[in-house]
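Before any comments, here is the structure.
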Amino acid sequence: VTSLIASRLTAGFIDPGFVTHLGFLEAQLESAPGGGPYLCGAHLTAADILMSYPLHIAQIPQDGRSPLNEQDYPRLWAYAELLKAENANKRAIDKIVEIDGE
Numbered sequence: 023v024t025s026l027i028a029s030r031l032t033a034g035f036i037d038p039g040f041v042t043h044l045g046f047l048e049a050q051l052e053s054a055p056g057g058g059p060y061l062c063g064a065h066l067t068a069a070d071i072l073m074s075y076p077l078h079i080a081q082i083p084q085d086g087r088s089p090l091n092e093q094d095y096p097r098l099w100a101y102a103e104l105l106k107a108e109n110a111n112k113r114a115i116d117k118i119v120e121i122d123g124e
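Dropping the structure here:
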């Protein structure tokens, strides 16, 4: 019963929210100044840093699928991978793994 309720909540509220917000971000990257690759243009800004964690979480599979996937959001996927490759981000992730074990 609980999983049925949870799956209906996910399908009715959470999934549509992901589609809306991930679609918006995909469009933002398409219209980024100078062609990007970051949200505000050619250079990493605080906006990109703030987006790194939510995008990382959106790439993690939930119930066998990821809200953020390369097929539906190719620019956003590439952007999330670019953010993961930033040295400061790598150090932060390493620290989280060290503390959390994940």
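First residue of the sequence shown? That's 23 in the numbering used here, and the numbers climb one at a time after it.
For glycine and all other residues, C-beta sits at the position ideal for the given N, C-alpha and C.
Fair warning: this is a prediction, and the values are worked out from it, not measured in the lab.
Alpha-carbon to alpha-carbon, residue j and residue i
i      : j      : result
TRP99  : ASN109 : 18 Å
LEU72  : ASN91  : 19 Å
GLY45  : ILE27  : 26 Å
GLN84  : ASP94  : 16 Å
LYS106 : SER74  : 7 Å
ALA54  : ALA114 : 26 Å
Sequence-distant residues of its chain with Cβ nearer than 7 Å to residue i (five each side left out)
i     : result
ALA64 : GLY56
GLN50 : LEU61
Host alpha helix (DSSP H) of residue i (start-end)
i      : result
LEU104 : 96-107
SER74  : 68-80
Which residues DSSP lists as bridging residue i, in chain order
i      : result
TYR60  : GLY63
ARG113 : Partner(s): none; ARG113 has no beta bridge.
GLN84  : ARG87
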